[in-house]
Amino acid sequence: MAGAADFDLFRPAEEHELLRESVRALAEAKIAPFAAEVDEEGRFPQEALDALVAADLHAVHVPEEFGGAGADALATVIVIEEVARVCASSSLIPAVNKLGSMPVILSGSPELKAKYLAPLAAGGAMFSYCLSEPDAGSDAGGMKTRAVRDGDHYVLNGVKRWITNAGVSEYYTVMAVTDPDKRTRGGISAFVVEKSDEGVSFGAPEKKLGIKGSPTREVYLDQVRVPADRMIGAEGTGFATAMRTLDHTRITIAAQALGIAQGALDYAKGYVRERRQFGKPVGDFQGIQFMIADMAMKLEAARQLTYAAAAKSQREDGDLTFFGAAAKCYASDVAMEITTDAVQLLGGYGYTRDYPVERMMRDAKITQIYEGTNQVQRIVMARNLP
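See below:
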């Protein structure tokens, strides 16, 4: 995989473009044929997982020392983008694997990294991220999940909500309160919880508007005893690790948004070239051309911002927080606009499940909400203006 020095802000290296070609070919051959079925049935895209694992694309961000591909942040973005172009649900496999494992990469001990990153890299396990709760979404200070020290263990009790790929993933990064008086100012700690740990269970899958192939469930922690050496970093550093993680992984949501928008634009372009009205292709009408031009312009602007943010993520630049929030916010707003316009361009057909753009429109909406709503992203940007 290409390294950080191999690309600038606006032009990916040749290695990145070769990666794009290979991922696009795989996605179109092995993932796209099942996308509509996965959405219609609301089932996990096992075909996509199998294909991504076979091609070593399920967790490309894992460093080489742990058996991973050692992909840089831009390469990870490209993988997610190209998978999302055909199936947003499937793109959450590499995206959430990064989200769940990034705290371990950023703050975990060498032993913890070796124990959990190696199986992730090998494709034997997926990794989810447990921050949100019924009463703690954007306000992490409202977290109620507790972790109480008991000898050489911590005992965890609580409920985590909106957990992507819950029940499928083997590993979970769980944020829990270890000092109720300090809360986000040193009172939250992070732990690795395993699906097989006694006391771990899952709620029923949420009935969602989009990304129906990626299960979203509550995670229940009932007297779950976790060895103390499964704490990620020092006690009280969990919130800081969570925020650092989101700086890096909001860019993966931007990548997902790019892919969804690109898929919708590609389909709409093909449709208006073939669909005839008044004796000629509707794409010949200037009003339609203006719509397509605006869609392409905004998508390319979002892509450049996202790639710039990926470069900053790789270098861990000081303004990463701003750029990560900006990329996620802008790309997701653009994706919602482009997919809505794609439905419009297809007319009545766009409103039916016989065509993929209505699915893309439904899938795009969540990118404006998860990993911090776009209202929260604007707060983050305002507080971190470069």
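When the letters of the sequence shown are read in order and numbered with my numbering, they come out as residues 12 to 397. Ideal placement from N, C-alpha and C gives every residue a C-beta, glycine not left out.
Query                                                                                                                                                                          : Result
Can you have a look at Leu29 and say buried or exposed, based on whether 16 or more other CB atoms are within 10 angstroms of its CB?                                          : exposed
Starting from the Cα of Phe301, find the closest Cα among Gly290, Ala313 and Val283 and give me that residue.                                                                  : Val283
Taking the CB atoms as reference points, tell me whether Lys171 and Glu209 lie closer together than 7 Å.                                                                       : no
Considering only the beta carbon of each residue, do Val345 and Glu369 sit closer than 7 Å?                                                                                    : no
Apart from the five residues just before and just after Ile377, which ones in its own chain have a Cβ nearer than 6 Å to its Cβ?                                               : Gly221 and Ile222
Based on DSSP bridge pairs, tell me the residues matched to Ala147.                                                                                                            : Glu144
Rounded to whole angstroms, what's the CA-CA distance from Met372 to Gly162? Just pull it up for me.                                                                           : 51 Å
Beta strand (DSSP E) containing Phe213: first to last residue?                                                                                                                 : Val211 to Phe213
What's the call for Asp305, buried or exposed, on a 16-neighbour Cβ count within 10 Å?                                                                                         : exposed
Pick helix, strand or coil for Pro238, following the three-state DSSP scheme.                                                                                                  : strand
Compute the Euclidean distance between the alpha carbons of Ala66 and Met242, then round it to the nearest angstrom.                                                           : 32 Å
Helix or strand or just coil, what does DSSP make of Ile380?                                                                                                                   : coil
Under the three-state reduction of DSSP, which class applies to Met137: helix, strand or coil?                                                                                 : coil
List the whole-angstrom C-beta distance separating Gly224 from Pro56, where the pair is believed to meet the contact cut-off of C-beta under 8 Å.                              : 5 Å
In the DSSP assignment, find the unbroken beta strand (DSSP E) run with Ala201 in it and report its ends.                                                                      : Ile199 to Glu205
Would you report the Cα separation of Gln388 and Ala151, rounded to the nearest angstrom?                                                                                      : 15 Å
Which partner residues of Tyr165 appear in the DSSP bridge assignment?                                                                                                         : Arg160 and Val237
Assign Lys323 to one of three DSSP states: helix, strand, or coil.                                                                                                             : helix
Report the residue from Val90, Ala322 and Leu356 whose alpha carbon sits nearest the alpha carbon of Ala279.                                                                   : Leu356
Under a three-way DSSP split, which group does Met154 fall into?                                                                                                               : coil
Leaving aside the five residues before and after Asp192 along the sequence, list all residues of the same chain whose C-beta is less than 8 Å from its C-beta, in chain order. : Gly198
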